[in-house]
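First residue of the sequence shown? That's 0 in numbering that gives the first Met the number 0, and the numbers climb one at a time after it.
Inspection log for the structure reproduced underneath, given as structure tokens.
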Amino acid sequence: MTNTTIAPEDLQKSILQHLEKSLGKDTQNATLYDWRTSLSLALRDLVVDPWFRSTRKTYEAAGKRVYYLSMEFLIGRLLEDVAINLGAEDASRKALADLGLEYDKVVRDEPDAALGNGGLGRLAACFLDSLSTLGIPAYGYGIRYEHGLFEQHFEDGRQIEVAEGWLAQRHTWEFERPEVTYRIGFGGHVNGNWEPAETVIANAYDTPILGWKGRWANTLRLWSAKPTVLFDLGSFNRGDLVGAVVPEALARAISRVLYPDDTTEAGKELRLKQEYFFTSASLQDIVRRFGSEGYDIDTLADHVAIQLNDTHPAIAGPELIRLLVDDHGVEMARAIEIARDCLAYTNHTLLPEALERWDLGLFARTLPRHLQIIETIEADHLSRTGSHVRIIEDHSVKMGELAFVMAHCVNGVSALHSELVKKTVFADLNRDYPGRIINQTNGVTPRRWLYNCNAPLRELINRTIGENWVDDLDQLKKLETHVSDAGFLEDFMAAKQANKKRLANWLGEQVGQTVDPAAMFDIQIKRIHEYKRQFMNILETIAHWNEIRDNPNGDWTPRLKIFGGKAAPGYFVAKEIIHLINDVSRVINTDPVTRDRLKVIYPPNYNVSMAEVLIPAADLSEQISTAGKEASGTGNMKFALNGALTIGTLDGANVEIRERVGEENFFLFGLTAEEVVNRRTQHDFSRTAIANSPHLARVLNQIADGLFSAGDPGRYHGLVTLLYEHDYFLVTCDFDDYHATQNKVDTAFVDRRRWSEMAALNTARSGWFSSDRTIEGYAKDIWNTPSLLDKSGS
Ligand code: NBG
0 MTNTTIAPED
10 LQKSILQHLE
20 KSLGKDTQNA
30 TLYDWRTSLS
40 LALRDLVVDP
50 WFRSTRKTYE
60 AAGKRVYYLS
70 MEFLIGRLLE
80 DVAINLGAED
90 ASRKALADLG
100 LEYDKVVRDE
110 PDAALGNGGL
120 GRLAACFLDS
130 LSTLGIPAYG
140 YGIRYEHGLF
150 EQHFEDGRQI
160 EVAEGWLAQR
170 HTWEFERPEV
180 TYRIGFGGHV
190 NGNWEPAETV
200 IANAYDTPIL
210 GWKGRWANTL
220 RLWSAKPTVL
230 FDLGSFNRGD
240 LVGAVVPEAL
250 ARAISRVLYP
260 DDTTEAGKEL
270 RLKQEYFFTS
280 ASLQDIVRRF
290 GSEGYDIDTL
300 ADHVAIQLND
310 THPAIAGPEL
320 IRLLVDDHGV
330 EMARAIEIAR
340 DCLAYTNHTL
350 LPEALERWDL
360 GLFARTLPRH
370 LQIIETIEAD
380 HLSRTGSHVR
390 IIEDHSVKMG
400 ELAFVMAHCV
410 NGVSALHSEL
420 VKKTVFADLN
430 RDYPGRIINQ
440 TNGVTPRRWL
450 YNCNAPLREL
460 INRTIGENWV
470 DDLDQLKKLE
480 THVSDAGFLE
490 DFMAAKQANK
500 KRLANWLGEQ
510 VGQTVDPAAM
520 FDIQIKRIHE
530 YKRQFMNILE
540 TIAHWNEIRD
550 NPNGDWTPRL
560 KIFGGKAAPG
570 YFVAKEIIHL
580 INDVSRVINT
590 DPVTRDRLKV
600 IYPPNYNVSM
610 AEVLIPAADL
620 SEQISTAGKE
630 ASGTGNMKFA
640 LNGALTIGTL
650 DGANVEIRER
660 VGEENFFLFG
670 LTAEEVVNRR
680 TQHDFSRTAI
690 ANSPHLARVL
700 NQIADGLFSA
710 GDPGRYHGLV
720 TLLYEHDYFL
730 VTCDFDDYHA
740 TQNKVDTAFV
750 DRRRWSEMAA
760 LNTARSGWFS
770 SDRTIEGYAK
780 DIWNTPSLLD
790 KSGS
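So this is what it looks like as structure tokens:
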């Protein structure tokens, strides 16, 4: 074990030195930013050693590296991550305290690195953490967006998007590599060789990703776009000041912003360029590194495992073939084989609108050489398999099919999802390539999502079963024997209560709302989408409100409903749902009859750091998607791990969570994936469901009458009509079961002993949802990459 322990005095010395020498400040003038940066630099110094050590070991082992290509890495803050992995949290606290500073305040000053939209990006960040913890040599490759995911503000309850600016401040964790650059071409013609019309430079920035106990560190390499010519001096000298900066502006546009779409295809030329930009830079880098080790190009797949995180980097197939054929003289048929042996693809959604397709004209204009190669890939695929599945069809290039055909392995992200991938989106390709589709159920890193975000529970677990669970999460099972112990359960609930108090304070600070920490904290946090059914949740909230008003002296379990999440800026219905939630919250929270029993809060700008405060405080986790639509979910795992009970459908990883925590410790409701498909074929299913549900009918009438939109009664006409006419996500059909199940939750919450047992069992039985387990699965089943940590763990 090589836990880098550092004495608080030494750390303090280093902090002060960085304050002076790296930032040019003295203690009198230092701001919070200066202190945070100095602490970060002092800790970063300690990361360099394990980082170099890992690189040396990787070269010595001469084995295989994993390359994780992802358009998104939703990292959040890094300071605490580094501190805990170094075992330097206490030292940091102490060093700062002696300088009159509070550690928690300093770490909260760090802006979130929000280089992702949601689950897919956060999964990539968890995977980096696990790859380093497991000591598997790996690089994450992505884009260094200047602006991460937009900031969400509410104006009169409506979502307003504001550009995010995490790089306005120095990003302390990265190392710029001005010498690591590649040329990326676009457009032009192919006359024997590809002659691009336009070229930009991809420039590398490296962030070390440290694993648990500092035993290993991998690299996250993000690409920034730069112009080949910095400045057009000719234009400038002619007095054309704007024209002089145009080339630079155009080039930089490529890494300027993260597309704020979640599961819908952007359909923009810039997006295609972004995808090719980072994929090409990464592959050039991979091939260069491989070459520098002196291997024969024919053995590339023995040393290189490339994982495509969704279809965004699917251009990797043709690009790798292009590099092999055009630059290394490999014969085309062999190049296709080599590329396929290197590549694997993860599918993250079944929503048809999210499977990328590029207009053929746009594609041909932007990547003419790649189009030729794709035609060859397609011909090869058709002739080998006799398949009728085309990659180029209906005047478009289908990236899902391309990724599938060019990957030696395709995986889904939960057991149910992987089966549906086989039966639906890739049914034909599954027949053409039997066995190619496998499952790797998602996971989450226990370092961030339990150890760091939930100190009270962490301490209780450490006291009860020791500390080895942090990188061996199955050990949480040992807690099961304590669940019959009343003292343990009391401590478990005390930890939950401490987290709820912390959240109550946070809500007071952030949204100026006072909440009762004894109420049930019921939380739904995720992107706003029709299939995730925040709509159903708010409708049920109104039904519950009605019930309390009808019987104000009833014995109601007090509830705090919390919503969090952003909508894609162009997703009109999702934005209407946000507006409705905010309108409903205003009415309910000011109702003197119900106010002590029901409250709805929607803090704006949900992000990773907010999740870290919300999840440990949850009693109830809302995982209520239409069955068959949520590929996996990972928030569901974080909640269960932190001792929240789930109310959920049989969708995504909910199925596996329920199997593991036990069906008696999970509130199940709703149609199954199969029933959903059948129900849609029934005539007028939503009108029938509404007619049969007095609760729902009443709620919809209230909304339609403008009860929540005084002065603008027609505001939600569209949303209500949607349910009557095109309730594709079956809100109306699942409503009654959801409502009845929520009532069961209310009753269950009152039995404190039983509830605490159920909550503790959720924690004890969620160890399997560690992303360490997921990565071990990928390493064994897809990559064939062993850990390079010694048996002793160093
Ligand atoms: C999301 C799914 C989630 C899943 C994550 C990570 C996309 C395209 N998909 O259900 O919606 O948990 O991926 O696999 O963002």
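From the three backbone atoms N, C-alpha and C, an ideal C-beta is built for every residue, glycine too.
Could you pull out every residue in the same chain whose Cβ sits closer than 8 Å to the Cβ of residue i, ignoring the five residues on either side in sequence?
i: Leu322; result: Leu282, Gln283 and Val286
i: Ile200; result: Thr180, Tyr181, Arg182, Ile183, Ala224, Lys225, Pro226, Thr227 and Ala250
i: Asn192; result: Asp325
i: Ile547; result: Gly553, Trp555, Val592, Thr593, Arg596 and Leu597
i: Val329; result: Ile296, Asp297, Leu323 and Ile337
i: Leu361; result: Glu268 and Leu271
i: Asn604; result: Glu150, Gln151, His152 and Lys565
i: Val612; result: Cys452, Arg501, Leu502 and Trp505
Leaving out the 5 sequence neighbours to the left and right, which residues in its chain are closer than 6 Å to residue i when beta-carbon positions are compared?
i: Glu194; result: Gly187 and His188
i: Leu319; result: Leu282 and Ala338
i: Glu145; result: Leu166 and Arg255
i: Arg764; result: Arg659 and Val660
i: Asp582; result: Gly156, Phe707 and Ser708
i: Lys24; result: Leu18 and Asp33
i: Ala203; result: Arg176, Val179 and Arg220
i: Leu456; result: Ala494
i: Arg121; result: Leu73
i: Gly118; result: Thr633
i: Gly434; result: none
i: Thr794; result: This structure leaves residue 794 out entirely; the chain is present only between 0 and 793.
i: Gly210; result: Ser131 and Thr132
i: Lys531; result: Lys525 and Ser624
When you compare each of the options to residue i by their alpha carbons, which one comes out closest?
i: Gly669; options: Val65, Ile656, Val654 and Leu649; result: Leu649
i: Phe571; options: Leu718, Ala493 and Glu673; result: Leu718
i: Ala818; options: Lys421, Trp505, Arg368 and Met609; result: Given a span of 0 to 793 for the chain in the structure shown, any question on residue 818 remains unanswerable.
i: Arg76; options: Asp595, Glu173, Ala29 and Gly134; result: Glu173
i: Leu640; options: Thr444, Gly705, Gln533 and Asp490; result: Thr444
i: Phe276; options: Leu229, Lys267 and Pro312; result: Pro312
i: Ile561; options: Ser584, Gly569 and Asp549; result: Ser584
i: Gln496; options: Arg52, Arg751, Gly399 and Thr784; result: Arg751
i: Leu52; options: Ser131, Val396 and Gly86; result: For the sequence presented, residue 52 should be read as Arg rather than Leu. The option with the nearest alpha carbon to Arg52 is Ser131.
i: Gly651; options: Arg364, Gly442 and Val81; result: Gly442
i: Lys93; options: Lys20, Ala703, Thr463 and Leu38; result: Leu38
i: Glu59; options: Glu292, Leu209 and Thr440; result: Glu292
i: Arg446; options: Gly766, Val412 and Val675; result: Gly766
Please check the pair residue i and residue j, which I expect to be a contact at CB under 8 Å, by giving their CB distance rounded to whole angstroms.
i: Ala252; j: Val46; result: Not really, about 32 Å apart at Cβ, beyond 8 Å.
i: Ile335; j: Ile376; result: 6 Å
i: Ala414; j: Glu655; result: 6 Å
i: Asp111; j: Asn588; result: That belief does not hold up - the Cβ atoms of Asp111 and Asn588 are roughly 28 Å apart, past 8 Å.
i: Glu88; j: Ala123; result: Wrong, their Cβ atoms sit about 25 Å apart, outside the cutoff.
i: Gly642; j: Ile623; result: Incorrect: roughly 19 Å between the Cβ atoms, too far for contact.
i: Val65; j: Thr720; result: About 49 Å; that fails the 8 Å criterion.
Leaving out the 5 sequence neighbours to the left and right, which residues in its chain are closer than 7 Å to residue i when beta-carbon positions are compared?
i: Ala41; result: Leu10, Ser13, Ile14 and His17
i: Gln371; result: Val189
i: Val106; result: Arg76, Leu78 and Glu79
i: Phe126; result: Tyr67, Ser770 and Ile774
i: Val388; result: Glu400, Asp427, Leu428 and Asp431
i: Asp340; result: Ala300 and His407
Mind the definition here: the stretch 695 to 705 touches the stretch 657 to 669 only if three or more C-beta pairs lie below 8 Å; say whether that holds. no
Going along the chain, which unbroken runs of the alpha helix (DSSP H) with 4 or more residues stay wholly within the stretch 537 to 596? 571 to 588
Unbroken alpha helix (DSSP H) runs of length 4 or more, entirely within the stretch 654 to 700: which are they? 672 to 679 and 684 to 690
Contiguous alpha helix (DSSP H) assignments of at least 4 residues, all confined to the stretch 420 to 472: 426 to 431 and 454 to 464
In chain order, which alpha helix (DSSP H) runs of at least 4 residues are fully inside the stretch 62 to 94? 78 to 85
Examine the Cβ distances between the stretch 761 to 779 and the stretch 130 to 137 and report whether three or more of them are shorter than 8 Å. yes
Of all the alpha helix (DSSP H) runs that stay within the bounds of the stretch 730 to 772, which reach a length of 4 or more residues? 730 to 749 and 751 to 763
Whole alpha helix (DSSP H) elements within the stretch 340 to 370, 4-residue minimum: 359 to 365
Does the count of Cβ pairs from the stretch 729 to 738 and the stretch 673 to 691 closer than 8 Å reach three? yes
Would you call the stretch 389 to 398 and the stretch 348 to 360 in contact, with 3 or more CB pairs under 8 Å? By the Cβ test, the stretch 389 to 398 is in contact with the stretch 348 to 360, since at least three Cβ pairs between them sit closer than 8 Å.
Completely contained beta strand (DSSP E) runs for the stretch 482 to 542, where each covers 3 or more residues: 519 to 524
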